[in-house]
Amino acid sequence: SSSSSSSSSSSYGTTRRSALGNFLLGGTSALLTTAASNPIQPASARATLEGYNPELAATSPTSGQFYFPTLTPPFQHRATYRYELGRDAWALEQLLVFANVTATVRTIVIKMEDGGLWVNGPQWPTGEYCNLLNELGQVKHIVVPCNALEHKVPCSAFVKKYPKASVWITPGQYGPFGTCGLDMNSCSMGYRVDGVLPVGAPSKTANVDLPPWSDEIDMRTLYVSLPENAGPVSEAAFLHKRSNTLITTDAVVYVPDEAPSIFGTYFDENAVQEPGFWPKSVLQAVFLPLRQGDGPTDDNRWPGYGAIRGRLIRAPILRAFADARAPDAVRDWVKSIPEMGKFDRILTAHFASPIAVSGSEDFLNAFKYLDGPTSDPPISCKDWELLDGLNAFISDNKLGAPVKAGFDYRAGCS
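Each number in the working numbering comes from the position in the sequence shown (counting from 1) with 445 added on.
Set out below in structure tokens:
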């Protein structure tokens with residue numbers, strides 16, 4: 446059986462590999478009105494963490510922490526933490542390391558009305574991971590919610606552990622770990638797939654198969670593809686109707702005040718406790734520079750960190766790579782999400798959640814920059830320089846779709 450263990454957050458999970466392989470190549474759509482022509486929008490209310498109790502995380506290390514091969518480290522001691530999220534929901538969290546990025550990535554698990562488990566974004570099925578999952582019930586449904594590598598690659602190994610579960614994936618899968626277009630005829634994932642999530646709002650009257658769980662969990666799927674790209678960009682957002690819970694993968698994040706204790710399973714504990722460890726980890730994960738300032742707090746000493754901590758935000762790397770190339774497509778997707786119904790909290794695959802919101806407006810506010818500058822404290826222009834440079838490199842070397850002319854993903858930084 447599992448034991449309690451302290452853990453204080455879930456870190457950013459769009460690694461350099463998935464970011465450079467997927468989102469920085471995103472693109473579509475028509476030109477947005479330039480930020481300069483829009484009035485300054487009012488500041489948004491802040492969402493807050495609620496029901497986030499990392500000290501109650503469960504572990505089961507004696508069940509085994511080895512799985513091979515995995516895409517990235519850890520290889521030998523891949524710990525799993527299980528978080529109780531309330532309302533018949535849990536998160537299974539593992540650590541992911543790539544280059545100078547250290548992050549955590551979460552599987553979101555929902556108990557359905559029949560007692561079966563809906564598993565969104567499965568991770569590597571170590572003995573510990575499977576034991577913590579099996580304690581919750583029988584796995585009946587598996588979902589691949591996007592085409593970022595850290596969310597799609599473990600599914601092949603996971604499906605082998607749970608061969609009786611239904612498997613549904615987002616469209617736009619590409620690369621050596623499986624391909625799938627907009628329908629089943631184009632799928633070759635290396636494992637059984639029962640269906641492809643429809644783009645946009647699903648319709649029961651259209652000639653499109655829907656997942657067996659669609660009466661309980663609604664969905665809206667983003668799909669973007671341009672000829673200049675290595676492949677499409679896709680992500681699905683879900684609404685668990687019974688619990689008024691929005692479930693996302695990379696759409697939004699909430700950066701907490703402290704590093705998750707799961708970092709201590711990979712790093713020396715003294716290193717984790719060093720001043721600046723968490724701010725630097727966050728900044729490297731979201732591709733903001735390690736620019737230092739003066740002052741008594743981490744927010745002062747690391748201005749980029751202070752600009753994003755403790756807020757519901759769109760990760761800067763996605764603003765610069767995905768949204769800059771597909772502003773209208775992202776905006777249409779975001780605005781379609783409240784159409785699914787009411788929600789008062791958000792569960793994410795990265796950083797910390799549950800995130801309490803006063804309604805869909807809090808979610809929409811995280812994307813206000815799509816319509817121009819806001820009066821929220823912006824990320825400094827100095828802190829956009831790394832992402833600006835990467836976009837210039839992509840453009841100069843014709844590595845992907847260009848940033849949309851006239852669209853300012855920095856939203857009026859100063």
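Here a beta-carbon is modelled for each residue, glycine too, at the ideal position from N, C-alpha and C. Note that the structure is a prediction, hence the values are computed from the model and not measured.
Please report how far the alpha carbon of residue 813 lies from the alpha carbon of residue 695, in whole angstroms. 17 Å
Continuous beta strand (DSSP E) assignments of at least 3 residues falling wholly in the stretch 635–718: 662–669, 678–685 and 690–692
If you measure between the beta carbons of residue 710 and residue 540, is that distance less than 9 Å? With contacts defined as CB atoms closer than 9 Å, residue 710 and residue 540 qualify as a contacting pair.
Pick out whichever of 506, 647, 507 and 553 has its Cα sitting closest to the Cα of residue 659. 647
Taking only three categories from DSSP, how would you classify residue 562? strand
Between residue 671 and residue 846, which are expected to be in contact by the criterion C-beta below 8 Å, what is the C-beta distance as a whole number of angstroms? Contact holds; Cβ gap of about 5 Å.
Beta-carbon proximity list for residue 534, same chain, < 6 Å, skipping 5 on both sides: 555
Flag this pair as touching only if the stretch 548–566 and the stretch 615–628 have three or more C-beta atom pairs under 8 Å; answer yes or no. The stretch 548–566 and the stretch 615–628 do not touch, with fewer than 3 CB-CB distances between them shorter than 8 Å.
Leaving out five residues before and five after residue 493 in sequence, what residues of the same chain have Cβ atoms less than 6 Å from its Cβ? 801
Assign residue 507 to one of three DSSP states: helix, strand, or coil. helix
Is it buried or exposed for residue 715, if we count other Cβ within 10 angstroms and need 16 for buried? Within 10 angstroms of the beta-carbon of residue 715 lie fewer than 16 other beta-carbons, which makes it exposed.
From residue 746 to residue 601, what does the alpha carbon distance come to, in whole angstroms? 43 Å
Short Cβ contact (9 Å threshold) for residue 433 with residue 762: The structure shown does not extend to residue 433, since the chain spans only 446 to 859, so no value can be given for it.
Quick one: residues in its chain with C-beta nearer than 7 Å to the C-beta of residue 508, no 5 flanking neighbours on either side, listed in chain order? Within the same chain, residue 508 has close Cβ partners 572, 573 and 576.
Could you tell me whether the Cβ atoms of residue 823 and residue 855 are closer together than 9 Å? yes
Could I get the ranges of all uninterrupted beta strand (DSSP E) runs contained in the stretch 512–565, with 3 residues as the minimum, in chain order? Every beta strand (DSSP E) stretch that sits fully inside the stretch 512–565 and reaches 3 residues is listed by chain position as 525–529, 534–543, 546–556 and 562–565.
At 3 residues or longer, and completely inside the stretch 569–635: list those beta strand (DSSP E) runs for me, N to C. Counting whole runs of 3 or more residues, the stretch 569–635 contains the beta strand (DSSP E) stretches 584–589 and 611–614.
Do three or more CB pairs link the stretch 628–639 to the stretch 772–788 at distances below 8 Å? no
If you draw a straight line from the alpha carbon of residue 495 to that of residue 789, how long is it in whole angstroms? The C-alpha of residue 495 lies about 11 Å from the C-alpha of residue 789.
Less than 9 Å between the beta carbons of residue 678 and residue 667, yes or no? yes
Alpha carbon to alpha carbon, how far is residue 836 from residue 853? Give it in angstroms, no decimals. 13 Å
With DSSP collapsed to three states, give me the class of residue 730. helix
Report buried or exposed for residue 803, applying the criterion of at least 16 other Cβ atoms within 10 angstroms of its Cβ. exposed
Residue 478 to residue 663 span [Cα, whole Å]: For residue 478, the predicted structure reports a pLDDT of 31, less than 50, and the residue's modelled location is therefore unreliable. A value from the coordinates is still provided. Inter-residue distance for residue 478 and residue 663 is about 31 Å (C-alpha atoms, whole angstroms).
Return the chain-ordered list of same chain residues with a C-beta closer than 6 Å to the C-beta of residue 783, the five sequence neighbours on each side being excluded. 805
Drop a sphere of 10 angstroms on the beta-carbon of residue 742, count the other beta-carbons inside from all chains shown, and report buried for 16 or more, exposed for fewer. exposed
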